[in-house]
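Q:
2 protein chains.
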Amino acid sequence: MPEIVQTVLPNGLTVVAEPIPGASSLAMTLLTPAGLASQPVDQQGVAPLLSEMICRGAGGKTARQHSDALDTLGVQRSTDAQTRFFRIGATMIGSKMKEALPLLFDMARTPTLAEEALAPSVDLSIQAIDSLADEPQRRAMLELRSQHYPDPVGRPPVGVREHLENMTVDTVRKFWFEHFVARGSILGFAGSFDTDELLATVNDLLGDWGGEAHPAHGQGAGTGGVHHVHTDSTQVHIALAYPTIPDTHEDRVLQQAATAVLSGGMSGRLFTEVREKRGLVYSVYATYAGQKDRGDVLAYAGTTVPRAQETLDVLSGELRRLSEGVNQSEFERAIVGMKSSLVMQGESTTARGASIASDVYVFGQPRSLEYAASEVDAVTLDQLNAYLKANPPGDMTIVTLGPEPLKA
Amino acid sequence: MPEIVQTVLPNGLTVVAEPIPGASSLAMTLLTPAGLASQPVDQQGVAPLLSEMICRGAGGKTARQHSDALDTLGVQRSTDAQTRFFRIGATMIGSKMKEALPLLFDMARTPTLAEEALAPSVDLSIQAIDSLADEPQRRAMLELRSQHYPDPVGRPPVGVREHLENMTVDTVRKFWFEHFVARGSILGFAGSFDTDELLATVNDLLGDWGGEAHPAHGQGAGTGGVHHVHTDSTQVHIALAYPTIPDTHEDRVLQQAATAVLSGGMSGRLFTEVREKRGLVYSVYATYAGQKDRGDVLAYAGTTVPRAQETLDVLSGELRRLSEGVNQSEFERAIVGMKSSLVMQGESTTARGASIASDVYVFGQPRSLEYAASEVDAVTLDQLNAYLKANPPGDMTIVTLGPEPLKA
Numbered sequence: 001m002p003e004i005v006q007t008v009l010p011n012g013l014t015v016v017a018e019p020i021p022g023a024s025s026l027a028m029t030l031l032t033p034a035g036l037a038s039q040p041v042d043q044q045g046v047a048p049l050l051s052e053m054i055c056r057g058a059g060g061k062t063a064r065q066h067s068d069a070l071d072t073l074g075v076q077r078s079t080d081a082q083t084r085f086f087r088i089g090a091t092m093i094g095s096k097m098k099e100a101l102p103l104l105f106d107m108a109r110t111p112t113l114a115e116e117a118l119a120p121s122v123d124l125s126i127q128a129i130d131s132l133a134d135e136p137q138r139r140a141m142l143e144l145r146s147q148h149y150p151d152p153v154g155r156p157p158v159g160v161r162e163h164l165e166n167m168t169v170d171t172v173r174k175f176w177f178e179h180f181v182a183r184g185s186i187l188g189f190a191g192s193f194d195t196d197e198l199l200a201t202v203n204d205l206l207g208d209w210g211g212e213a214h215p216a217h218g219q220g221a222g223t224g225g226v227h228h229v230h231t232d233s234t235q236v237h238i239a240l241a242y243p244t245i246p247d248t249h250e251d252r253v254l255q256q257a258a259t260a261v262l263s264g265g266m267s268g269r270l271f272t273e274v275r276e277k278r279g280l281v282y283s284v285y286a287t288y289a290g291q292k293d294r295g296d297v298l299a300y301a302g303t304t305v306p307r308a309q310e311t312l313d314v315l316s317g318e319l320r321r322l323s324e325g326v327n328q329s330e331f332e333r334a335i336v337g338m339k340s341s342l343v344m345q346g347e348s349t350t351a352r353g354a355s356i357a358s359d360v361y362v363f364g365q366p367r368s369l370e371y372a373a374s375e376v377d378a379v380t381l382d383q384l385n386a387y388l389k390a391n392p393p394g395d396m397t398i399v400t401l402g403p404e405p406l407k408a
Numbered sequence: 409m410p411e412i413v414q415t416v417l418p419n420g421l422t423v424v425a426e427p428i429p430g431a432s433s434l435a436m437t438l439l440t441p442a443g444l445a446s447q448p449v450d451q452q453g454v455a456p457l458l459s460e461m462i463c464r465g466a467g468g469k470t471a472r473q474h475s476d477a478l479d480t481l482g483v484q485r486s487t488d489a490q491t492r493f494f495r496i497g498a499t500m501i502g503s504k505m506k507e508a509l510p511l512l513f514d515m516a517r518t519p520t521l522a523e524e525a526l527a528p529s530v531d532l533s534i535q536a537i538d539s540l541a542d543e544p545q546r547r548a549m550l551e552l553r554s555q556h557y558p559d560p561v562g563r564p565p566v567g568v569r570e571h572l573e574n575m576t577v578d579t580v581r582k583f584w585f586e587h588f589v590a591r592g593s594i595l596g597f598a599g600s601f602d603t604d605e606l607l608a609t610v611n612d613l614l615g616d617w618g619g620e621a622h623p624a625h626g627q628g629a630g631t632g633g634v635h636h637v638h639t640d641s642t643q644v645h646i647a648l649a650y651p652t653i654p655d656t657h658e659d660r661v662l663q664q665a666a667t668a669v670l671s672g673g674m675s676g677r678l679f680t681e682v683r684e685k686r687g688l689v690y691s692v693y694a695t696y697a698g699q700k701d702r703g704d705v706l707a708y709a710g711t712t713v714p715r716a717q718e719t720l721d722v723l724s725g726e727l728r729r730l731s732e733g734v735n736q737s738e739f740e741r742a743i744v745g746m747k748s749s750l751v752m753q754g755e756s757t758t759a760r761g762a763s764i765a766s767d768v769y770v771f772g773q774p775r776s777l778e779y780a781a782s783e784v785d786a787v788t789l790d791q792l793n794a795y796l797k798a799n800p801p802g803d804m805t806i807v808t809l810g811p812e813p814l815k816a
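So the sequence lines, in the order shown, correspond to chains A and B. Be aware that the first sequence starts at 1, since it is given in this note's numbering, and climbs by one per residue. Be aware that the second sequence starts at 409, since it is given in this note's numbering, and climbs by one per residue.
Shown next, in the form of structure tokens:
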């Protein structure tokens, strides 16, 4: 396998690039330290609003000219505000790189942020909040985040309606100016390219980018506990979280394996116990949400009113039962599943580009798929069971959406 | 590029396989003529019910043993009932092929379909219907299908509650026995394999499979027209359809290009006119649903109550305005977008495996990506505009979900 190249420009921008033999596509992920956590406490929504406005003209081009130019190159792109970073993602045919990158980088460096783009962008941002009424599963998970995580980690990715209603174009420009900066940004590429040519192009286009990341804002601790949101529905959505080790902990792979025993494949415990044996829910999963400085297990189940209490009981019961240990066969299936997922990731330029950019933030450097696979191979059943015994779930944050509260 | 191999076994099973250089994964799609259209008119739901039960034991293995065995090999699989076919899909590391295929084929040929699996499977199937209450976008599109398409094309993929409630294990077994047959089934592979070894394995395992496809059931024409479904929500979901040429028509690529002008990329007309200029909707798209014997344009917009009427007016207006023609720049962007999508498809073994299996049904043979790209390259702006002028949208079927009907 070719090497993954990592370089830091003099202005503090980290660039990481993994050529993938046989690929024709090229995927790019640009992370700038302009995430939800960087929003002033009373301007929540400025980051998602910017993810609308940044697509409406840049580099002296109107919205129309700019999106026409990218579509003429066949560049698929997306923007969103995550907790720590604002992400600009793009996928293109590798041969279009030199034409596409100037247009994409213009979005970060010279967005127009025109006065007339504000009103429709605010409208769309508020509609995104309103549309949660019709997406109760997503709403349950967002409510869980806001109850479980301390600010700023639990901030709603859609923003806060009242803050959005008061936003001016100056608010947006100020946020962009302060947080779209070279130092602290990470640029990841994976797929079809000549590494020297790619790095030279990036250096030409971004070498004179400046600025430093500002510290993130935050104002408190998560409340945890049990919360109910009333909805007039025959369905109940159950969301559940408890804290565990962060992604930077040496036992991270053990935590991933534990979640795979619960929720990896059709033989996973949740699928078997909650869904298959009892027919309780149509949808159930648990996932390890590892971050640089914290980690959590999040779980979800969607069911009907009469089955809701039993579903919650079985779901939280299975999460707690994990500390009693797993057997050899469960362990082996979890390991095989994790390694298969790594192989699949290696065949997607988009997944690889996003993954190595995230690695730079979390671990300080990209991890090759071979390295990740060797980490998975190195763990043993005894290690996993010792880890599970030493780390039973503590207090769980529980959010339910439905006509009646449940007994936690 | 290596050749795509197509072969028909003496029992009538068509096998099609595309090796993908550099891939490590292997994707399989098995289509059997046991789709929604094959369900007896008063047993709608037996196909989705079977997609539950077929995962609960096969080849003499219990549900647990069978899913453990597949997960031990790291095989990701899924089953669903489409209009014409029942699909068993799987993705695995290529080296696991010889161990995985017997387990996967057992699902089709020797599923246990045990009495005790019926009740939880029926429960889950009915929950899938109930959960539509909390997925109004999906509900709007299903309602559109049932109004727009003649039976059996418009049948609900979730089945009919009353039919499901009356199902016995004998109903399921009879449906499986009659419709899981070799002749008329299509088996597609893409990714990492030795073609000779793969075909020999398939021949060993499925050479003695028998049976013939039974004709599909159907009882009438789509009603079309304008339909409103009342919901107590601040959101309105608009779904819209009109008939156009089938996938087998020589102008198919022109119809695809027309839809790309509407809905391909951020410079697409719908995105620009409905979303960006007017800020009307958070989500809007149009798609060409080409089938072997019919084709339709389907469109969707999700918005709020005060914006709903204008959204419907602009959406249907843009669909009709297409017949006035598109300009050179729109045409070029559509062509580039379509060709980029083909390149992306070529990097996904799952997408390629599914695509060549579908090709066998629609066109009688698989189409290489090079061939598909050459078809796209061959069309001209003049051809597209002549096609659009000659094929203006006729009557539209419109379904709205929301608190009030709209004016069509």
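Note that CB positions come from ideal geometry on N, CA and C, so glycine has one too. Here the structure is a predicted model, which is why all the values come from computation and not from measurement.
Who are the neighbours of A:Met266 on chain B, taking C-beta pairs under 8 Å?
A: Cys463, Ser475, Leu478, Asp479, Arg485
Q: If you drop the 5 nearest sequence neighbours on each side, which residues of the same chain put their C-beta closer than 8 Å to that of A:Val75?
A: Ala90, Thr91, Met92, Lys96, Ala100, Leu103, Leu104
Q: Give the C-beta separation of A:Leu13 and A:Ala182 to the nearest angstrom, bearing in mind that I take them to be a contact with Cβ-Cβ under 8 Å.
A: 4 Å
Q: Out of B:Thr437, B:Val807, B:Gln447, state which residue places its alpha-carbon closest to the alpha-carbon of B:Met575.
A: B:Gln447
Q: Ends of the beta strand (DSSP E) at A:Leu88?
A: Here residue 88 of chain A turns out to be Ile, not Leu, going by the sequence shown. Run containing A:Ile88: 86-93, per the beta strand (DSSP E) assignment.
Q: Are there three or more Cβ pairs, one per stretch, closer than 8 Å when the stretch 243-262 of chain A is compared with the stretch 280-299 of chain A?
A: yes
Q: Excluding the 5 residues preceding and the 5 following A:Thr311 in the sequence, name in chain order all residues of the same chain whose CB lies nearer than 7 Å to its CB.
A: Ile238, Val274, Leu280, Val281, Ala301, Thr303
Q: Which residues, in order along the stretch 271-290 of chain A, keep a beta-carbon less than 9 Å from a beta-carbon of chain B?
A: Phe271, Thr272, Arg275, Glu276, Lys277, Arg278, Gly279, Leu280, Val281, Tyr282, Ser283
Q: Thinking C-beta only, is B:Ala541 closer than 8 Å to A:Gln235?
A: Yes, the pair counts as a contact, with Cβ atoms nearer than the cut-off.
Q: By the DSSP assignment, the alpha helix (DSSP H) with B:Arg485 in it spans what residues?
A: Run containing B:Arg485: none in the alpha helix (DSSP H); it sits in the beta strand (DSSP E), 484-489.
Q: Taking only runs of the beta strand (DSSP E) that begin and end inside the stretch 185-257 of chain A, which ones reach a length of at least 3 residues, in chain order?
A: 186-191, 226-230, 235-244
Q: Could you give the DSSP three-state label for A:Gln6: helix, strand or coil?
A: If DSSP states are grouped into helix, strand and coil, A:Gln6 belongs with the strands.
Q: Indicate the three-state DSSP secondary structure (helix, strand or coil) for A:Leu31 in the structure shown.
A: strand
Q: What separation, rounded to the nearest whole angstrom, lies between the Cα atoms of B:Ala435 and B:Val530?
A: 29 Å
Q: Measuring CB atoms only, is the stretch 722-735 of chain B touching the stretch 380-388 of chain A, in the sense that at least three cross pairs come out at less than 8 Å?
A: Short answer: they don't touch.
Q: Measuring alpha carbon to alpha carbon, tell me which of A:Trp209, A:Phe175, A:Pro152, A:Glu165 ends up nearest A:Ala34.
A: A:Phe175
Q: What is the rounded straight-line gap between the Cα of A:Ile88 and the Cα of B:Asp602?
A: Approximately 39 Å between the Cα atoms of the pair.
Q: What is the rounded straight-line gap between the Cα of B:Leu750 and the Cα of A:Asp382?
A: If you draw a straight line from the Cα of B:Leu750 to the Cα of A:Asp382, it comes to about 47 Å.
Q: Mind pulling the chain C residues with CB within less than 7 Å of A:Ala23?
A: The structure shown contains no chain C; its protein chains are A and B.
Q: The alpha helix (DSSP H) that contains A:Ile398, what's its start and end?
A: For A:Ile398, no alpha helix (DSSP H) run applies; the uninterrupted beta strand (DSSP E) run containing it begins and ends at 397-402, by DSSP.
Q: Comparing alpha-carbon positions, which option in B:Ile462, B:Arg485, B:Phe585, B:Val692 lies nearest B:Gly618?
A: B:Phe585
Q: Can you tell me which of B:Val416, B:Leu417, B:Pro427 puts its alpha carbon nearest to the alpha carbon of B:Ser776?
A: B:Pro427
Q: Report all residues from its chain with a CB closer than 6 Å to the CB of A:Arg307; omit the five preceding and five following residues, and keep chain order.
A: Leu280
Q: Does A:Ala182 come out as helix, strand or coil in the three-state DSSP assignment?
A: coil
Q: Ends of the alpha helix (DSSP H) at B:Tyr769?
A: 757-771
Q: Any C-beta of chain A sitting closer than 8 Å to the C-beta of B:Pro714?
A: no
Q: Tell me the rounded alpha-carbon separation between B:Gln451 and B:Ser724.
A: Approximately 36 Å between the Cα atoms of the pair.
Q: Given a threshold of 16 other Cβ atoms within 10 Å of its Cβ, counted over all protein chains shown, does A:Ala58 qualify as buried or as exposed?
A: buried
Q: I'd like to check one pair, A:Tyr242 with A:Met396: are the Cβ atoms closer than 8 Å?
A: Against a cut-off of 8 Å, the Cβ pair of A:Tyr242 and A:Met396 comes out as a contact.
Q: What residues are listed by DSSP as bridge partners for A:Gly295?
A: A:Thr244, A:Gly290
Q: Could you check whether A:Thr272 and A:Gln255 sit closer than 8 Å to each other, using their CB atoms as the reference points?
A: no
Q: Take the Cβ of A:Asp106 as the centre, count every other Cβ of all protein chains shown within 10 Å, and call the residue buried at 16 or more, exposed below.
A: By the beta-carbon neighbour count (other beta carbons within 10 angstroms, threshold 16), A:Asp106 is buried.
Q: From A:Ala257, A:Ala357, A:Thr7, pick the residue whose C-alpha is nearest to that of A:Ala378; which is it?
A: A:Ala257
Q: Is there at least one Cβ from chain B nearer than 8 Å to A:Ile88's Cβ?
A: no
Q: Please name the residue or residues paired with B:Glu426 in a DSSP beta bridge.
A: Answer by DSSP bridge pairing, in chain order: B:Ala598.
Q: Taking the alpha-carbon positions, what's the A:Gln345 to A:Ala351 distance?
A: 6 Å
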